[in-house]
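When we follow full-length UniProt numbering, the leftmost residue of the sequence shown carries the number 1, and every step to the right adds one.
Cβ coordinates follow ideal geometry from the N, Cα and C atoms, glycine included.
No experiment lies behind these values; they were computed from the predicted model shown.
Have a look at the structure below, then the notes.
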Amino acid sequence: MGHSETLYDIDCVQRILDNFFLEEQAAAVATPDNIVEEGQLTNESNSTAPMTTVARLIDGFLAEVAPDVNFKLPKFEALASSIPDYARPLDDGLYHAIDMYLKAHPWITDPEREQLCRLMNCQKLSLEASTHAAQNERLPLRVIVQVLFFEQLRLRKSISGWFFVSDNLENSVNPSGNVGLKKDGSHHATDGEDDVTHRVSELEKDCSGMKEELRKLMKYKRSWKNFTRRLGFSKSQSCCSKRSKPSNLRAIPPSTVNR
C-alpha cells in the first residue's frame with residue numbers, strides 16, 4: 001500500500017453509493033407519488049426507509065475510516081454530502097464521524113474545520129450529542145455557539161409545551177378555573193405544576209451548565225493564544241541572541257594555539 005493510500009477503498013464506496021442513488025431515482029420515476037395501490041396510498045415512510053438505512057451505514061463507515069491519517073478532507077466531504085438531508089432524522093452519526101476526523105487530523109486549518117462542520121445540522125442533534133458538542137474543544141467556536149443557541153430554543157419550546165399542557169389539564173378538570181384552591185381560598189401546587197416546575201428547573205440547570213462550559217472554553221482558547229504569542233516572542237529573542245553572540249568573540253591568535 002502506498003503512503004498516500006487509505007486503509008479502505010473510499011472511491012469504491014462512493015461508486016456504490018452513486019449507483020444506489022441512480023436506482024432510487026429510477027424507481028421514483030417509475031412509481032409516481034400518491035398512486036393508489038389496492039385502495040391505499042403508498043406509504044412515504046417506506047420509500048425513505050432504504051435511504052435512511054444507507055445514511056446510517058455511510059455515517060458509520062465515515063466514523064470507521066476517519067482515524068486514517070491518509071483520508072483526505074475532500075473525500076470525506078464528498079461522501080458525507082452525498083446523503084440528502086431528509087435521509088438523516090438525526091445528525092448524531094455524522095457528528096460522531098466529524099469528531100473522529102477532527103481528532104485524527106489536528107493539523108487541518110480553522111477554515112477547513114468550519115467547512116467540515118457545515119456538513120451537519122446543529123438543529124438535528126439529540127440532547128446527548130448537543131451536550132457533548134457544547135463541551136468539544138475540537139469544534140470551531142461558531143459551531144459551539146450554534147449548538148448552545150438551538151439548545152436554548154429547545155429549552156424555551158419545552159417550557160412552553162409544559163405550561164400549555166398544564167393549562168389544558170387544569171381547564172379540562174375544572175372549567176371554572178378554581179383548580180388548586182383550598183377551602184380557605186389559598187392556592188396549592190397540583191401534581192402537574194410540580195412536574196412542570198421540576199422539568200423547568202432541570203432544563204435551566206442544563207442550559208446554565210452549557211453556558212459555563214462555553215465560558216471556560218473561550219477563556220481556555222484566549223489563554224492558549226496568549227501563551228503561544230509569548231512563546232513565539234521569546235523564541236525569536238533567543239534566536240537573535242544566538243546569532244549575535246559569535247560576533248562578540250575575539251579571534252584566538254595562531255601562536256597561542258601552537259603553544
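Cβ neighbour criterion (16 or more within 10 Å) applied to residue i
i	result
F76	buried
S201	exposed
F149	exposed
D11	exposed
I108	exposed
V29	exposed
Nearest-angstrom beta carbon gap, residue j and residue i [assumed within contact, 8 Å]
i	j	result
A63	H105	Not really, about 14 Å apart at Cβ, beyond 8 Å.
A87	M51	4 Å
E5	N70	6 Å
Contact set for residue i: own chain, Cβ-Cβ below 7 Å, skip 5 residues either direction
i	result
S81	L119
R56	G93
G60	G93
D9	none
residue 265	What the structure shows of the chain is the stretch from 1 to 259, and residue 265 is not part of that stretch, so it cannot be assessed.
F20	V54
D110	P140
Same chain only: Cβ atoms within 6 Å of residue i, ignoring 5 sequence neighbours per side
i	result
L17	S82
T53	none
P84	none
V143	C117
N121	D91
A102	At residue 102 the sequence reads Leu, which differs from the Ala that was named. Once the five neighbours on either side are set aside, the close Cβ partners of L102 are R138.
K157	none
Test item: CB-CB of residue i and residue j under 8 Å
i	j	result
A133	V145	no
L90	L141	no
E137	L217	yes
Q152	A78	no
L116	I98	yes
D68	L22	no
A129	M100	no
Q123	E213	no
Min CB distance residue i to chain C below 8 Å
i	result
E202	In the displayed structure, chain C is absent; only one protein chain is listed.
Residues near residue i by beta carbon distance below 8 Å, same chain, minus five either side
i	result
E112	L73
T48	Y86, A87
E24	P50, M51
R215	none
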